[in-house]
Ligand code: HEM
């Protein structure tokens, strides 16, 4: 796809569009901050709407009563089907089991809050601090594998995604959940099968073709059985991990223990959300550091700046660029564009994060920027990403260890920089050269 020259040329979802997203956003902010996708609504004849302004996205995500999350609509449909005596199909897909756990565990906003506070916060939210030592060890172990390489000129080479950015969140999440370390490659394969929709799905709805869905089911074979074995083992003999805790908890919000399927649903979303997102954040951060050696020098000389660096990096290069996950409950007007009730909104976090109405010099990485964490990368409001805590800690520790052990990082000559397809921002490999710190 060619780089767009005018707002009306912008296509955020066609093949190859990923290469030009950041050329498209300034055009859209200037001339077409709400893009209408004609005929691409959920029902025939309806339109979909792409929101690119910070204020619009913030308004939408902070008000789930007025802008219904698509997940809530699916849960309501499922509940109505069950109330009418319809049984879920016998070959219920893994996603449907996970959806059913949303139906029983968090059908209302109050239960969403309780779910976060009691079930996920202690492990992947604010409580993720407890994993700092483990994350540091994993980061160091990965760096140990390549730090001694020497290309003959005193510098070494590393394929940063495969040898650091991808395995770090995989090993960390396996450890948090309580899966054996030797199962990480299999878990990683199931994790990538789960996110296939966001990588290979087409259009703003990330739809997989029937063949791709079939391929996804094949790749997920064994996952449900594996989880059910793990849950049974941990129920009988709990360890110090998230799944064990979920098997034992007397969940105050519902006044009972969690069922196996409910635990399965929680783990499903942890694996879906917890692996590739952080991988892309780390990979884009490495690119930003190579593009701006002064930033690496700044965080090396003052490690208290690392948090500012990772927040700015996530603002500038949001791993989840956008999601079509909200529906209007009444007619709305965004930037002068009227959006009928019942319309699907594509909330474009990546664009909102570089909206010039919100940020001065939005495309600059500014370690002194005010309100650094106030970006849209994890969304905001009551449905904000529950795994933001652990992802932030992983990124900060990763850069603490990298900046401690390396004194330089630069692009190797053999990079294609081609982005992967889909809605996530990232390259599948990144070849770097590094100098070891003395
Ligand atoms: C840089 C890393 C990450 C990014 C950019 C990211 C982004 C997001 C975004 C944009 C949402 C949608 C929120 C909304 O609808 O308002 C979300 C939801 C979610 N994320 Fe994350 N996330 C990241 C890391 C993680 C991690 C590490 C976990 C798990 C440990 C996780 C688990 C989830 C879950 C469970 C949801 C809610 C899904 C649902 O039930 O609707 N995410 N995330």
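Numbering (our numbering), first residue to last: 1 to 438.
Beta carbons: idealized from backbone N, C-alpha and C, even for Gly.
Contact check for residue 395 against residue 282 passes: the beta carbons are separated by less than 8 Å.
Counting only unbroken stretches of 4 or more residues, the alpha helix (DSSP H) elements lying wholly within the segment 97-141 are 109-114 and 121-124, in sequence order. For residue 410, the enclosing beta strand (DSSP E) begins and ends at 406-411. Remark: the shortest separation between the CB of residue 349 and any heavy atom of the ligand HEM falls under 7 Å. Pairwise C-beta distances place the segment 63-75 in contact with the segment 320-334, as three or more of them are shorter than 8 Å. Secondary structure of residue 346 (DSSP, three-state): strand.
Shown here for residue 54: same chain residues with a beta carbon closer than 6 Å to its own, the five before and five after excluded, namely 352, 355 and 358 in chain order. When Cβ pairs closer than 8 Å are counted between the two stretches, the segment 409-425 is seen to touch the segment 200-218, the count reaching three or more. Take residue 128, set aside five residues on each side of it, and the residues of its chain with a beta-carbon closer than 6 Å to its own are 389, 390 and 393, in chain order. Short of 7 Å from the beta carbon of residue 369, and not among the five residues preceding or following it, lie these beta carbons of its own chain, in chain order: 312.
A Cβ-Cβ distance of about 5 Å is found for the pair residue 231 and residue 260, placing them in contact under the 8 Å criterion.
Proximity to residue 36 across 428, 397, 345 and 112 peaks at 345, based on C-alpha coordinates.
Using a Cβ distance threshold of 8 Å, residue 143 and residue 405 count as a contacting pair.
Residue 118 is positioned such that its CB atom lies no closer than 8 Å to that of residue 245. Annotation: the continuous beta strand (DSSP E) that includes residue 48 extends over 48-51. The three-state secondary structure of residue 204, taken from DSSP, is coil. Taken atom to atom, the span from the alpha-carbon of residue 9 to that of residue 417 is near 23 Å.
Exposed is the label assigned to residue 145, since fewer than 16 other Cβ atoms lie within 10 Å of its Cβ.
Under the 8 Å Cβ criterion, the segment 335-345 counts as touching the segment 47-61, having at least three qualifying pairs. With a cut-off of 7 Å, the C-beta of residue 111 is classified as distant from the ligand HEM, since no heavy atom of the ligand falls inside that distance. Burial is judged here by how many other beta carbons sit within 10 angstroms of a residue's own beta carbon; residue 44 has fewer than 16 and is exposed. The shortest C-alpha to C-alpha distance from residue 15 to any of 299, 208 and 1 is the one to 1. When DSSP reads this structure, residue 69 sits in a beta bridge with 326. In this structure, DSSP gives residue 384 a state outside helix and strand, which the three-state scheme calls coil. A straight line joining the alpha-carbon of residue 284 with that of residue 364 spans about 15 Å. Straight across, the Cα-Cα distance linking residue 229 with residue 407 is about 45 Å. In this structure, residue 380 keeps its C-beta atom at 8 Å or more from the C-beta atom of residue 56. The DSSP-derived three-state label of residue 80 is helix.
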